[in-house]
Amino acid sequence: MKIRLLAVGSKMPGWVEEGVETYRKRLPRDFNLEIEEITLGQRGKNADIAKARAQEAQRIRDKLRGDEYVVALEVKGKPWTTEQLAQEADAWRMAGRDIALLVGGPDGLEPSLSAAADKTWSISPLTLPHPLVRIMLAEQLYRAWTLLVGHPYHR
Numbered sequence: 000m001k002i003r004l005l006a007v008g009s010k011m012p013g014w015v016e017e018g019v020e021t022y023r024k025r026l027p028r029d030f031n032l033e034i035e036e037i038t039l040g041q042r043g044k045n046a047d048i049a050k051a052r053a054q055e056a057q058r059i060r061d062k063l064r065g066d067e068y069v070v071a072l073e074v075k076g077k078p079w080t081t082e083q084l085a086q087e088a089d090a091w092r093m094a095g096r097d098i099a100l101l102v103g104g105p106d107g108l109e110p111s112l113s114a115a116a117d118k119t120w121s122i123s124p125l126t127l128p129h130p131l132v133r134i135m136l137a138e139q140l141y142r143a144w145t146l147l148v149g150h151p152y153h154r
């Protein structure tokens, strides 16, 4: 199973890359996390935010593969405990489908993209900076995997 994080935004600081890589390299090949950066929609003074989100949504749609299970990360999504994430990940593995996790830009995902997702998930009710979301997501996926295999990392 491949897990792809399609995240709007690019040029993350080195500490983000290092933090994500810390957990990515611990994951086995059959629970691989890949990150694909999506270019931000055009923003600036007097920018049309709806148009920028639509641009980002189209870029995400262009990257999606038809057979992936799509999970939109949304503040208003369903919160999962680490144990629930492990159960979700186990179900994903058993279904034999790759996963696409979607993270929107500074103004979130376009509503039609979230509505079309198989699930919506909130990793926190807090508004988090996108660099931290990437690291938290990588760590939680690693933690979920350790739960599934009985590794002592999760205590």
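Taken in order, the sequence shown gives residues 0 to 154; the numbers are from numbering that gives the first Met the number 0. Just so it is clear, CB atoms sit at the ideal spot from N, CA and C, and this is done for glycine as well. Small disclaimer: the values here were computed from a predicted structure and weren't measured.
Beta-carbon to beta-carbon, Leu5 and Lys62 are separated by about 5 angstroms, close enough to satisfy the 8 angstroms threshold. The Cβ atoms of Ile59 and Ile34 lie no closer than 8 angstroms to each other. Secondary structure at Leu127: coil, using DSSP grouped into helix, strand and coil. No Cβ-Cβ contact shorter than 8 angstroms links Ala99 with Glu55. Proximity to Arg23 across Gly43, Glu138, Gly149 and Val69 peaks at Glu138, based on C-alpha coordinates. For Arg3, the uninterrupted beta strand (DSSP E) segment begins and ends at Lys1 to Val7. DSSP places Trp91 in the uninterrupted alpha helix (DSSP H) bounded by Thr81 to Ala94.
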